[in-house]
Amino acid sequence: MAKKGKKFLAAAAQVDVLKFYTASEAIDLLKKVSFEKFDASVEFAIRLNLDPRKAEQNLRGAVVLPHGTGKTKKVLVFAKGDKAKEAEAAGADYVGDAELVEKVLKGWADFDTVVATPDMMAQVGKLGRTLGPKGLMPNPKTGTVTMDVTRAVNEIKAGKVEYRVDKVGNINLTIGKVSFSAEKLSENLNTIYTTLVKLRPATVKGVFVENLAIASTMGPGIKIDPDTI
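Mapped onto the working numbering, the consecutive letters of the sequence shown carry residue numbers 18 to 246.
Written out as structure tokens, the structure reads:
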């Protein structure tokens, strides 16, 4: 296990690992103990009572955070004809079809999110081994396989984030920057939390949210009482 630095230990000493803070307390504490010299991201982690092996419990989707994540994503759109023109007009950073597919196959990766029209998926399928491991493969569940490329690009630029439960029931994503106001972080947190709770599968018995925490990029995790969100 890597040795923890003095700054991390000093930050961790201010966090009661046994306490479940209110959402507002947790956000205030996170901003107080963040020690990074850069504007760190705020990471959200939630443990859900899910068995991803069951199709109806393998949650995956996307949500637009009201205040974004603090990072402007570079959007690549695979489209042709009028849809390519629409994507360009919407502000996509890169737009193309077969030639762009080949470029990505050869190793080019200067983008953060990929959108594709359905008619392009036969060619984009070639990129499964390239984009899949990075979580970048377009998917209808996250709204990235669509004919409405204008909406897709606009939502991504506005702060759309994708979520996907891992094999043990965790979902991790970025909900902003430490420099965000407490109010903006709270609204982003509330948006993703309420979205996930509404998606509770009917087959889940007992407690749905098992654990919830936030942390800055390099900082300690701070547990939150879900009832305070």
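Yeah, the Cβ is synthetic: ideal placement off N, Cα and C, and Gly gets one too.
- Here DSSP, grouped into helix, strand and coil, assigns Lys21 to coil.
- Contact between Ile173 and Lys90 holds: CB atoms are separated by about 6 Å, below the 8 Å threshold.
- Look at Asn228 here: in three-state DSSP terms it is strand.
- Assigned with DSSP and collapsed to three states, Arg146 falls in helix.
- DSSP, reduced to helix, strand and coil, places Val185 outside both helices and strands of the structure shown, so it counts as coil.
- Between Lys36 and Leu202, the alpha-carbon positions lie close to 20 Å from each other.
- Spatial neighbours of Ala57 in its own chain (CB-CB distance under 8 Å, excluding positions within 5 residues in sequence) are listed in chain order as Ser51, Lys194, Val195, Ser233, Thr234, Met235 and Gly236.
- Put simply, the backbone Cα of Glu105 is about 13 Å away from that of Asp114.
- Ser198 sits in coil when the DSSP states are folded into three classes, being neither helix nor strand.
- Scanning its chain for C-beta atoms nearer than 8 Å, with the 5 sequence neighbours on each side dropped, one finds around Gly108 the residues Val92, Val170, Asn171 and Lys174, in chain order.
- Taking a contact to require three or more Cβ pairs closer than 8 Å, the region 148-160 and the region 124-134 qualify as touching.
- Sequence-distant Cβ neighbours of Ala40 in its own chain, meaning closer than 7 Å and more than five residues away, are Ser203, Leu206, Ile241, Thr245 and Ile246.
- As DSSP reads the structure, Phe61 sits in a beta bridge with Leu190 and Ile231.
- DSSP places Ile246 in the coil class of the three-state scheme, outside both helix and strand.
- Taking Leu122 as reference, the option from Gln140, Asp136 and Glu200 with the minimal CA-CA separation is Gln140.
- For Lys158, the closest alpha carbon among the candidates Arg77, Val34 and Thr212 is that of Arg77.
- For Val118, the enclosing alpha helix (DSSP H) covers residues Ala115 to Leu122.
- In the three-state reduction of the DSSP assignment, Leu93 falls in the strand class.
- Close CB contacts of Ala43 within its chain, under the 7 Å cut and outside five residues either way in sequence, are with Ile231, Ile239 and Ile241 (chain order).
- Along the length of the region 28-78, whole alpha helix (DSSP H) runs at least 4 residues long occupy 40-50, reported in chain order.
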